[in-house]
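Using UniProt numbering, the first residue of the sequence shown is number 1, and each one after it goes up by one. Here is the structure we will look at.
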Amino acid sequence: MTTGITVDSRNNRVLAVIHAVKPLPPFNALTAYDLKSGNLLFLSALPSDEEALTNDVAVDYNGNAYVAVDYNGNAYVTNSIGNYIWKVNVKGEASIFSKSPRFTEHPVDRDTPYSYIGLNGIAYVSSGDYLLVVQTNTGKIFKVDADDGTARHVLLNEDLKCPDGVVFRSDGVVLVVSPQANKLWLLKSNNGWGEGVLYDKIDLGSEGYPTSVVSRGRDKMYVLYGYFLEGLLGNSEREGFRIEEIMSPKESEGENVWLYVMTGFGMVYFVYWRFQMGQLVKHMNKKIN
């Protein structure tokens, strides 16, 4: 089955993560297809000496994508069971990139239904050349250096419950979705994700199992409802899925407050201008008389 997908527009390809489920033999891979022709570019098996569960994928562009010339795109794939990250270069050569001890130092509640799912959603931040990775069974977020794979725990004002998909928005806000909590969380940081603040929670409802989130610009957020449990149980045939645009009431309020402030400032400026013009007219009249 496909557990993660992303479009690498800089290198004109689509990447998909593959995980074989029982009764098939163990197999985890990253596959790449040409975005225009659909031709297979590579199918790369991901190395592992133990049980693995591939999950999400992120792409970098060898530094800041806005100014880079040589787009040597590297893909990063999370292993949810092994708690490490693979790296696959543009040629399809795969290796284990980060197996940091930070990924396994937090306790896991074994009574939860998602206790076996570790590292999950992953996003690349080009401005700082690092990865942000969520861990489902602990609710933690890690910042991983994209150069050497070193990781550190991002301190939050509260832990997340069963975080899954993650995306880095163009304004620096991080969006995280949870199918267990049925929430979309909005987080931000003012120190490059040494610490972060969860400042908004959006209820997504209890139907559909939301697993992924994407953004466009700073004000467009879309959540994918994958109905994953139906497919896992194999007891239904679904003809349709849902993608919903999500709005943040708090951010909308913030925009309105800013609009009121700007409007108020404009009114003050206008009144001041009227006063100055009145004084000028009086002064001119005195000179004429």
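Backbone N, C-alpha and C define an ideal beta-carbon position, used for all residues, glycine too. Predicted model only: the values in this text are computed from it and were never measured.
Quick one: what's residue i bridged to in DSSP?
i, result
"MET221", "SER215, ILE246"
"SER95", "LYS87"
"THR31", "ALA16, LEU43"
From residue i to residue j, what does the alpha carbon distance come to, in whole angstroms?
i, j, result
"THR112", "LYS36", "43 Å"
"SER115", "ASP109", "6 Å"
"PRO23", "ASP171", "44 Å"
"GLY205", "PRO249", "16 Å"
"GLY118", "CYS162", "10 Å"
"GLY4", "GLU93", "18 Å"
"ASN11", "SER95", "20 Å"
"VAL197", "TYR227", "29 Å"
"SER44", "GLY73", "15 Å"
"ASN182", "ASP203", "6 Å"
"VAL17", "THR2", "6 Å"
"ARG218", "GLU158", "24 Å"
"LEU156", "ASN39", "43 Å"
"THR104", "THR136", "12 Å"
"ARG216", "PRO179", "21 Å"
"MET247", "VAL144", "29 Å"
"ARG169", "VAL21", "33 Å"
"LEU15", "PHE27", "17 Å"
"GLU207", "ASP164", "16 Å"
"ASP49", "THR6", "26 Å"
Give the secondary structure of residue i by DSSP, where H, G and I count as helix, E and B as strand, and everything else as coil.
i, result
"ARG13", "strand"
"PRO210", "strand"
"ARG102", "helix"
"PHE228", "helix"
"GLU195", "strand"
Can you give the beta carbon distance from residue i to residue j, rounded, assuming they're within the 8 Å contact cut?
i, j, result
"SER189", "ALA151", "Not confirmed; about 16 Å, so no contact."
"PHE142", "VAL125", "Actually they do not touch by this definition, with Cβ atoms about 13 Å apart."
"GLY131", "TYR76", "The sequence shown places Leu at residue 131, rather than the Gly named in the question. Between TYR76 and LEU131 the Cβ distance is about 6 Å, and since that is below 8 Å, they are a contact."
"VAL213", "LEU187", "Incorrect: roughly 12 Å between the Cβ atoms, too far for contact."
"TYR225", "TYR209", "6 Å"
"ALA32", "LEU41", "4 Å"
"LEU160", "GLY192", "That pair is no contact at about 19 Å."
"VAL173", "THR211", "Between THR211 and VAL173 the Cβ distance is about 20 Å, and since that is not below 8 Å, they are no contact."
"VAL134", "GLY121", "5 Å"
"ALA123", "VAL90", "In fact, because the Cβ distance is near 19 Å, the residues do not count as touching under 8 Å."
"ASP200", "GLU251", "7 Å"
Got a sec, what are the start and stop residues for the beta strand (DSSP E) residue i sits in?
i, result
"LEU41", "40-45"
"ILE117", "First-last for ILE117: undefined, no H or E at that position."
"GLN180", "Looking at the DSSP string, GLN180 is not in any beta strand (DSSP E), and its letter there is neither H nor E."
"LYS140", "140-145"
"ASN79", "75-79"
"PHE168", "166-168"
"THR136", "Per DSSP, THR136 belongs to no beta strand (DSSP E) and is neither H nor E."
"GLY4", "2-8"
"residue 370", "Any question about residue 370 goes unanswered here, given that the chain covers just 1 to 289."
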